[in-house]
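In our numbering, the protein residues as written are 16 to 271.
In structure tokens form, the structure reads like this:
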């Protein structure tokens, strides 16, 4: 079955601390693994969805992930190369609710303004989960500033970003980013004017896997950060997708 591919941060780990790969059959019910590990959860992915509700939304598209492919350099707890591709069980339809976005092949410079979005907790350490998609304007920081904030923890596959108030997006749990390869699509829906995309007052935090968009292109994925969130001089850390252009293209083509 020909299907699309999605991008996400890597979650499942093997006994050696490295990200593992696993796949399901075409029905998406029975995962299999080369080491016959216990059954892995099936990825269920929704595009064109903006409220955390089981109720179907107009324009929404539903998918199952039938195979996940972590980057071969992915490792934890270091969060190096923190991304994976997920193959979907069917192709995606471009609609007013699900639109294309390009993945940037150029790394951002310090001071670049970006937008991060997701549904995770809007407060820390006490969690408050929003029902509507949240977003926040953040600024890319220099490598030196990033490494000063997190000594001996920042690799060249990462970038740091935040705002002047110390707000950013930091890790609480894994959330898939609905970013699809090839002909990448984003999950930011086409919303009615009565419901703004960016819900005011609440910065998103803990949106691991969520998209970071800079100058209209997908630049990164939310990876990790300090707890509690929103501390000055402790920015969020993101997977820098410009470092993975060739891998995402080659892997998508070889699994099409």
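C-beta: ideal position from N, C-alpha, C; glycine also.
Quick caveat, the model's predicted, so the values are computed rather than measured.
Comparing alpha carbon positions, the residue from 157, 134, 269 and 68 closest to residue 237 is 134. Of the candidates 58, 107, 82 and 103, the residue whose Cα lies closest to the Cα of residue 75 is 107.
Nearest to residue 114 by C-alpha distance, out of 249, 270, 232 and 122, is 232. DSSP, reduced to helix, strand and coil, places residue 176 within a strand of the structure shown. DSSP places residue 102 in the strand class (E or B) of the three-state scheme. Beta-bridge partners assigned by DSSP to residue 255: 235.
Put simply, the backbone Cα of residue 227 is about 10 Å away from that of residue 118.
Residue pairing by DSSP places residue 226 opposite 236 in a beta bridge. Classified as buried, residue 102 has 16 or more neighbouring CB atoms from the shown chains inside 10 Å of its CB. About 6 Å separates the Cβ atoms of residue 172 and residue 255, confirming a contact at the 8 Å cut-off. Note: residue 80 is bridge-paired with 58 and 103 in the DSSP secondary-structure output. The three-state secondary structure of residue 266, taken from DSSP, is helix. At the C-beta level, residue 153 and residue 129 come within 9 Å of one another. The beta carbons of residue 161 and residue 174 sit closer together than 9 Å.
By the C-beta density criterion, residue 104 is buried, having at least 16 other C-beta atoms within 10 angstroms.
Going by DSSP, residue 110 is part of no beta strand (DSSP E) at all; its letter is neither H nor E. The DSSP-derived three-state label of residue 161 is helix. As computed with DSSP, residue 169 is found in no beta bridge at all.
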